[in-house]
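Chains A, B, C and D are the protein sequences, given in the same order. Here numbering that gives the first Met the number 0 is used: position 204 in the first sequence is 203, and no number is missing along the way. Here numbering that gives the first Met the number 0 is used: position 178 in the second sequence is 177, and no number is missing along the way. Here numbering that gives the first Met the number 0 is used: position 71 in the third sequence is 70, and no number is missing along the way. Here numbering that gives the first Met the number 0 is used: position 35 in the fourth sequence is 34, and no number is missing along the way. For every residue, glycine included, the Cβ atom is placed at its ideal position computed from N, Cα and C. This report concerns only the one structure given below.
Number of protein chains: 4
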Amino acid sequence: MARKPLTNPRKQASQARSRVTVDALVDATARILVRDGYDKASTNRIADMAGVSIGSLYQYYPSKEALVAAVIDRHNRQIMRRVRTVLTEIASLPIERAVRRLVAFAIEAHRIDPRLHRVLAEQIPRVGRLENVEALNREGYALFRDYLESRRDELRVRDLDLAAFVCATSIEALTHSAVLYHTEMLRDAEALIEETTRFISGYLQPTSV
Amino acid sequence: MARKPLTNPRKQASQARSRVTVDALVDATARILVRDGYDKASTNRIADMAGVSIGSLYQYYPSKEALVAAVIDRHNRQIMRRVRTVLTEIASLPIERAVRRLVAFAIEAHRIDPRLHRVLAEQIPRVGRLENVEALNREGYALFRDYLESRRDELRVRDLDLAAFVCATSIEALTHSAVLYHTEMLRDAEALIEETTRFISGYLQPTSV
Amino acid sequence: MARKPLTNPRKQASQARSRVTVDALVDATARILVRDGYDKASTNRIADMAGVSIGSLYQYYPSKEALVAAVIDRHNRQIMRRVRTVLTEIASLPIERAVRRLVAFAIEAHRIDPRLHRVLAEQIPRVGRLENVEALNREGYALFRDYLESRRDELRVRDLDLAAFVCATSIEALTHSAVLYHTEMLRDAEALIEETTRFISGYLQPTSV
Amino acid sequence: MARKPLTNPRKQASQARSRVTVDALVDATARILVRDGYDKASTNRIADMAGVSIGSLYQYYPSKEALVAAVIDRHNRQIMRRVRTVLTEIASLPIERAVRRLVAFAIEAHRIDPRLHRVLAEQIPRVGRLENVEALNREGYALFRDYLESRRDELRVRDLDLAAFVCATSIEALTHSAVLYHTEMLRDAEALIEETTRFISGYLQPTSV
DNA sequence: AATGAATGAGTTTTCATTCAT
DNA sequence: TATGAATGAAAACTCATTCAT
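Here is the structure:
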C-alpha cells in the first residue's frame with residue numbers, strides 16, 4: 000500500500016469558516032510564489048499573508064509542498080475548464096479557424112497570470128504534481144485528438160496521436176515563450192497568431208492550394 | 000560602474016591546482032543537482048563531494064548561486080559549441096535535409112544528460128541566468144536566421160526573425176518534451192524525426208509539390 | 000488554601016454520559032501511552048482515539064498531565080485492590096507459603112500489562128504522582144508489615160519496617176526486571192518463584208534447618 | 000543493513016577546539032537533564048548552556064536523543080570503571096565482607112549524582128540505549144558471577160546465573176530506592192548496609208550456624 | 001592557499017490549549 | 001454540553017557563510 004503522499008491536503012474544510020481559511024491560504028501561497036518565488040515562500044510568510052495562524056496552515060496542509068500543489072491543482076482546474084470550453088466552441092469550425100481560435104486562446108490563457116504560470120511550471124516537478132499535470136495534458140490532447148478525428152478526411156496527417164502531440168506542444172511552447180520571454184512580440188499579437196495559425200494548419204491540412 | 004554580480008566566480012583560477020579544484024566543484028555541483036535536486040544541493044555537500052573544504056569552495060565561488068550559474072554556463076557553452084558546428088554543417092544542405100539534421104541533433108543533445116538539462120532548465124530563472132541563456136538562444140536564432148537568409152528564395156515565409164523563433168522554439172519544445180516526458184516516443188525516434196521534419200519544413204517551404 | 004493542582008480531574012462526571020466520555024478518555028490515553036509512548040501521546044490524538052472532541056477532553060481534564068495521572072491512579076487502584084486481596088489471603092499462611100504466594104502474585108501482576116506498567120513507571124516522576132504512588136506503596140508496606148507483625152515470633156529480623164522495605168522492594172525489582180527485561184526467565188517461572196521464595200523467606204525466618 | 004541509528008554522534012571531534020565543544024555539550028545536557036528534566040531539555044537550551052551555537056551542536060550530534068545517549072554512555076562508562084575496580088578488590092574477600100563492600104559501593108555510587116542517575120534511568124528506554132545498558136549489566140553480572148564461581152563451594156545456591164541476577168537486581172533496587180525515595184534511611188546508612196548484607200549473604204551462604 | 005570549526009538566522013512543524021459557535 | 005477551528009509559543013533542525021588557525 001503506497002504511503003499517502005505528503006502533498007495532499009490534510010482534511011476537508013467543512014464549515015464555512017474553515018473554507019475561508021483554506022482559500023486564504025491557497026491565495027496567499029499563489030501571491031507569494033508570484034511576488035517572491037518558491038524559495039522565499041516560507042510557510043510562516045504564507046500564513047502571515049493569509050492572515051491565518053501558522054497552526055491553522057498545518058491543520059489543512061501538511062507541508063509547503065502541499066500548498067504549492069494546491070495552487071497548481073487549482074490553477075490547472077481553471078485552465079482545463081477553459082480548455083474544455085474552447086474545444087467545445089471549435090468543434091464545428093473548419094481547421095484553420097479552429098486553430099486560430101486555439102492559438103488566440105493559448106495566448107490569452109498565458110496572459111492571465113504569466114508569472115504564476117511560470118513559477119508553477121518551474122515547481123511542478125519538485126512538488127510531484129507531474130502525474131496530475133500529465134493527466135490534464137492528456138485530457139487536453141485527447142480532446143484535441145477528438146477534434147482532429149472528426150475532421151480526419153480534411154487532414155493530411157496520418158498518426159493523429161502524434162499530430163496532437165506536435166500541435167499541442169508547439170502551440171504551448173510558442174505562446175509560453177512569447178508571453179514570458181519575448182513580450183515585444185505581443186505588441187503585434189495578431190501577427191503572432193497569424194503566423195502560428197499558418198504554421199499549425201499548414202501542417203495539418205493537405206497542401207491546400 | 001555596476002557592482003559585480005554575485006553569481007560570478009570570485010577569481011580566475013590561474014594555477015593548475017586551482018583549475019582542478021574549480022573543476023571538481025563544478026562537477027560536484029552538477030552531479031548533486033542531478034542526483035538530488037536544487038534544494039538538497041547544499042554548499043557543504045558540494046564541497047564534500049568535490050573533496051574540497053568548504054573554505055576553499057568560498058574562495059572560488061561567492062555563493063551557492065554562483066556555483067549553479069557556473070554549471071549552467073559550462074553546460075550552455077558545450078551546447079553552443081555543438082550548435083555552431085551543426086549549423087556550419089547544414090549551411091550547404093537544402094532545407095528539408097537541414098531541418099532533419101537539426102531535429103536529430105536536438106534529440107541527441109537532449110539525450111546527453113536529460114536530468115541535468117531538466118534541473119538546469121528549472122533552475123535558470125532562479126539563478127538569474129536568463130539573460131545569458133537568452134543571449135545564447137539569440138545566437139542560436141541568429142545563426143539559424145543566417146541559414147534561412149541564405150535560402151530566402153526557397154522559403155515561403157516572409158518575416159525571417161519570426162520564422163526562426165517559430166522553428167527554434169518548436170524544435171526545442173518537441174524534443175525536450177519527448178525526451179523528458181514521453182520517452183516512449185523515442186522507441187521509434189525515426190518517426191518522431193520524420194514528423195517533426197515534415198512539420199517544420201512544410202512551414203518553411205513554399206507549397207512544394 | 001492550596002491552589003488545586005493541575006493534575007486533578009476537572010469535575011466529577013456525574014451523569015452516565017459523562018462517565019462514558021471520561022472512561023473513553025482514560026482508556027485512549029492508556030492505549031496511546033502503551034502503543035506510542037509519552038511523547039507521541041498528544042491531547043489531540045487522545046481525543047481522537049477516544050472519539051471525543053478536543054473541547055470535551057478539556058472539559059474533563061485540565062491538561063495532558065491530568066490524563067496521564069488519571070491512568071496512573073486507575074492502574075494503581077487496580078493493583079492495590081489486588082494487593083489487599085492477596086494480603087488478606089495470606090494472612091493465615093505460614094511464612095514460606097505466604098512469600099511464595101506473594102511472589103507468584105507479583106509476577107502475575109506485572110504480566111497483566113507489562114507495557115503499560117513500564118510506561119507508567121517511567122512517567123510517574125514526570126507527572127508528579129510520586130507522592131500518590133508512595134502513599135500506595137506505603138499502604139502495601141504497611142499491610143505486609145502487619146502480616147510480619149502477626150508472625151513476629153517466627154522471624155529472625157528485628158526491624159520490621161526495614162524488613163518490609165527490603166522484601167517489598169526486592170520482590171518488586173526481581174519480578175519487574177524478569178518480566179520486562181529478562182523474559183527468557185519466565186519460560187520456567189516456577190524456578191524463579193522458587194528461588195525468590197527461598198531468597199526472601201530465608202531472610203525472614205530464623206535459620207530454619 | 001541496519002540504518003545507522005540516530006543516536007550516534009555525528010563525527011569525532013579531532014581538533015582540541017572541537018573536543019572542548021563536544022564536552023561542553025555533554026556536560027550541559029547532563030546539567031539540564033538534572034535541573035529541569037527531559038522535556039525541558041531542548042537542544043537550544045543545551046547549546047545555550049554549553050555556550051555553543053545551535054549549529055555546532057548539530058555538527059556533532061544529530062538529535063536530542065543522541066545527546067542524551069552520550070550522557071548515558073559516559074555515565075555508564077564511569078560506573079562500569081568503578082564496578083570493575085570494586086569487583087577486583089573483593090576478589091579475595093570472603094563472601095560476607097565482599098557483599099558488604101558491594102552494598103556500600105552501590106550506595107556510594109548512587110549518591111554521586113542521584114538526580115542524574117534517576118533521569119537517565121527514566122530516559123534509557125526512550126533513547127534506545129537499553130542494549131548498551133544491558134550489555135554493561137551483563138558485564139556486571141558476569142564479573143559478579145565469576146566471583147561466585149570462585150567461591151562456589153562456600154555457597155548453597157546452585158544456579159549461579161540466577162543467583163547473580165537475584166543479588167545484583169536486589170542490591171541495585173534497594174540502594175536505588177533508598178537513595179532516591181527513602182533518604183531518611185541514609186541517616187543511618189550503616190544499618191541499611193548491615194541489613195542488606197545479611198539479606199544477600201544469608202541467601203548465598205549455607206545455613207552458616 | 002587551504003582547512004574545518006563555528007555561527008545563527010531562518011525554516012518547518014508540533015501540540016497543548018482556548019473560545020466562538 | 002459538545003464541537004472543532006484557531007492559536008502561537010516553542011521545538012528540532014538546516015545551511016549559507018565567516019574566520020581563526
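Confirm, please, whether the CB-CB distance from valine 102/A to glutamate 64/A is below 8 Å.
As a first step, residue 64/A must be located in the first sequence, where it is residue number 65. As a first step, residue 102/A must be located in the first sequence, where it is residue number 103. Contact flag unset, no.
In chain C, which residues lie with their C-beta within 7 Å of the C-beta of phenylalanine 104/D?
By one-based count along the fourth sequence, residue 104/D stands at place 105. Simply none; closest approach about 18 Å.
Closest Cα partner of alanine 167/C within the set His181/C, Arg155/C, Leu185/C and Arg144/C:
Here the question's residue 167/C lines up with position 168 in the third sequence. Of His181/C, Arg155/C, Leu185/C and Arg144/C, the residue nearest in Cα terms is Arg144/C.
Three-state secondary structure (DSSP) at proline 113/A?
Locating residue 113/A in the first sequence gives position 114, counting from the first residue. Here proline 113/A sits in helix by DSSP.
Would you tell me roughly how many angstroms separate the C-alpha atoms of valine 118/B and alanine 40/A, rounded to the nearest one?
Position 119 of the second sequence holds residue 118/B. Position 41 of the first sequence holds residue 40/A. Distance between the alpha carbons of valine 118/B and alanine 40/A: 20 Å.
Could you tell me the distance, in whole angstroms, from the CA atom of arginine 110/A to the CA atom of valine 178/A?
Taking the first residue of the first sequence as position 1, residue 110/A is located at position 111. Taking the first residue of the first sequence as position 1, residue 178/A is located at position 179. Their backbone Cα atoms lie some 7 Å apart in a straight line.
Report the neighbours of tyrosine 202/D on chain C: residues whose CB is nearer than 8 Å to its CB, in chain order.
Mapped onto the fourth sequence, residue 202/D falls at position 203. Going along chain C in sequence order, the residues near tyrosine 202/D (Cβ under 8 Å) are Arg197, Phe198, Gly201 and Tyr202.
Closer than 7 Å by C-beta to methionine 184/A: which residues in its own chain qualify, once you throw out the five before and the five after it? Chain order, please.
In the first sequence, the residue the question calls residue 184/A occupies position 185. The residues are Ala177 and Leu191.
Is DSSP giving arginine 81/C helix, strand or coil here?
Position 82 of the third sequence, counting from 1, holds the residue named residue 81/C. The answer is helix: DSSP assigns arginine 81/C an H, G or I state.
Glycine 54/A burial status per 10 Å Cβ neighbour count (16 or more: buried):
Residue mapping note: residue 54/A aligns to position 55 of the first sequence, counting from 1. Classification for glycine 54/A: exposed.
Against chain B, with Cβ distances strictly below 8 Å, would glutamate 153/A count as a contact?
The sequence position of residue 153/A within the first sequence is 154, counting from 1. No, no contact with chain B.
Which whole-angstrom value describes the C-beta separation of leucine 24/D and tyrosine 57/D, a residue pair presumed to lie in contact below a C-beta threshold of 8 Å?
Indexing the fourth sequence from 1 puts residue 24/D at position 25. Indexing the fourth sequence from 1 puts residue 57/D at position 58. 10 Å between Cβ atoms; not a contact.
If tyrosine 180/A sits next to leucine 86/A, beta carbons under 8 Å apart, how far is it from one beta carbon to the other, in whole angstroms?
Indexing the first sequence from 1 puts residue 180/A at position 181. Indexing the first sequence from 1 puts residue 86/A at position 87. With 8 Å as the limit, tyrosine 180/A and leucine 86/A do not qualify as a contact, their Cβ atoms being about 27 Å apart.
Against leucine 173/B, what residues of chain A qualify as contacts under a CB-to-CB distance less than 9 Å, listed in chain order?
Along the second sequence, read from residue 1 onward, the residue named residue 173/B stands at position 174. Ordered by position in chain A, the residues that pass the 9 Å Cβ test against leucine 173/B are Phe164, Val165, Thr168, Ser169 and Ala172.
Classify asparagine 43/B: buried if its beta carbon has 16 or more other beta carbons within 10 angstroms, exposed otherwise.
Position 44 of the second sequence, counted from the first residue, corresponds to residue 43/B. Under this definition asparagine 43/B is an exposed residue.
Test: glutamate 138/B CB closer than 8 Å to a CB of chain A
Taking the second sequence and counting its residues from 1, the one referred to as residue 138/B is at position 139. For glutamate 138/B, the answer is no, since every Cβ of chain A falls outside 8 Å of its Cβ.
Can you find a C-beta in chain A that's less than 8 Å from the C-beta of arginine 41/B?
Reading the second sequence from its first residue, position 42 is the one you call residue 41/B. The sequence as given places serine at residue 41/B; arginine does not occur at that position. No, serine 41/B does not count as interfacial toward chain A.
Need the endpoints of the alpha helix (DSSP H) that glutamate 189/A sits in, please.
Residue mapping note: residue 189/A aligns to position 190 of the first sequence, counting from 1. Run containing glutamate 189/A: 188-203, per the alpha helix (DSSP H) assignment.
What residues in its chain sit with their C-beta under 6 Å from that of threonine 20/A, if we drop five residues either side in the sequence?
Residue numbering aside, residue 20/A sits at position 21 when the first sequence is read from its first letter. Contacts found: Val51 and Ser55.
is_contact[lysine 3/C, chain D] using C-beta, thresh 8 Å:
Here residue 3/C is taken as the residue at index 4 of the third sequence, counted from 1. Confidence is the limiting factor: at lysine 3/C the pLDDT is only 39, short of 50, which leaves the residue's position unreliable and the question unanswerable from this model.
Counting C-beta neighbours from all protein chains within 10 Å, is the total for proline 4/B 16 or more, i.e. buried, or is it exposed?
Indexing the second sequence from 1 puts residue 4/B at position 5. Low confidence applies here, because proline 4/B scores a pLDDT of 47, under 50, leaving its location unreliable; read the following figure in that light. Exposed, since its Cβ has fewer than 16 Cβ neighbours within 10 Å.
Mind checking if leucine 161/C is an interface residue toward chain D, Cβ cutoff 8 Å exclusive?
Sequence index remark: in the third sequence, residue 161/C carries index 162 (1-based). Chain D, which has a Cβ nearer than 8 Å to the Cβ of leucine 161/C, makes this yes.
For histidine 175/B, the nearest candidate out of Arg186/B, His116/B and Asp26/B (CA to CA):
Translated into positions along the second sequence, residue 175/B becomes position 176. Selected option, being the one with the closest Cα: His116/B.
What residues from the segment 59-76 of chain B come within 8 Å of chain A, judged by C-beta to C-beta, listed N to C?
none
Beta-carbon proximity of leucine 159/C to threonine 195/C, cut-off 8 Å
What you label residue 159/C is simply residue 160 of the third sequence in a count that begins at 1. What you label residue 195/C is simply residue 196 of the third sequence in a count that begins at 1. No; because the gap between Cβ atoms is not below 8 Å, this pair is not in contact.
Three-way DSSP call (helix, strand, coil) for asparagine 7/D in this model
Reading the fourth sequence from its first residue, position 8 is the one you call residue 7/D. Of the three classes helix, strand and coil, the one that applies to asparagine 7/D here is coil, per DSSP.
Return helix, strand or coil for glycine 36/A, following the three-state DSSP convention.
Your numbering for residue 36/A matches position 37 in the first sequence. Here glycine 36/A carries a coil assignment [DSSP, helix/strand/coil].
Tell me which residues share the same chain as leucine 135/D and place their Cβ nearer than 7 Å to its Cβ, disregarding the 5 neighbours each side in the sequence.
Translated into positions along the fourth sequence, residue 135/D becomes position 136. Around leucine 135/D: Asn75 and Met79.
Out of curiosity, what's the CA-to-CA distance linking alanine 188/D and alanine 29/C?
In the fourth sequence, residue 188/D corresponds to position 189, counting from 1. In the third sequence, residue 29/C corresponds to position 30, counting from 1. So the alpha carbons of these two residues sit roughly 39 Å apart.
Using the Cα positions of serine 62/B and threonine 6/B, report the straight-line distance between them to the nearest angstrom.
For the purposes of this step, residue 62/B is taken as residue 63 along the second sequence, with counting starting at 1. For the purposes of this step, residue 6/B is taken as residue 7 along the second sequence, with counting starting at 1. The alpha-carbon atoms of serine 62/B and threonine 6/B are separated by roughly 7 Å.
Neighbour list for serine 176/C in chain D, Cβ cutoff strictly below 7 Å:
As a working mapping, residue 176/C is identified with position 177 in the third sequence. The answer, in chain order, is Thr168.
Can isoleucine 94/B and arginine 186/B be called in contact, C-beta distance under 8 Å?
On the second sequence, position 95 is the one that residue 94/B refers to. On the second sequence, position 187 is the one that residue 186/B refers to. No, Cβ-Cβ distance for isoleucine 94/B and arginine 186/B is not below 8 Å.
Give the straight-line distance between the Cα atoms of alanine 15/C and proline 113/C, rounded to the nearest whole angstrom.
Mapped onto the third sequence, residue 15/C falls at position 16. Mapped onto the third sequence, residue 113/C falls at position 114. Spanning the two alpha carbons is a distance of roughly 31 Å.
Should serine 200/A be labelled buried (16 or more other beta-carbon atoms within 10 Å of its own) or exposed?
Locating residue 200/A in the first sequence gives position 201, counting from the first residue. By the 10 Å Cβ count, serine 200/A comes out buried.
So, are the CB atoms of arginine 81/B and alanine 120/B less than 8 Å apart?
Residue 81/B sits at position 82 when you count from the first residue of the second sequence. Residue 120/B sits at position 121 when you count from the first residue of the second sequence. 8 Å or more divides the Cβ of arginine 81/B from the Cβ of alanine 120/B.
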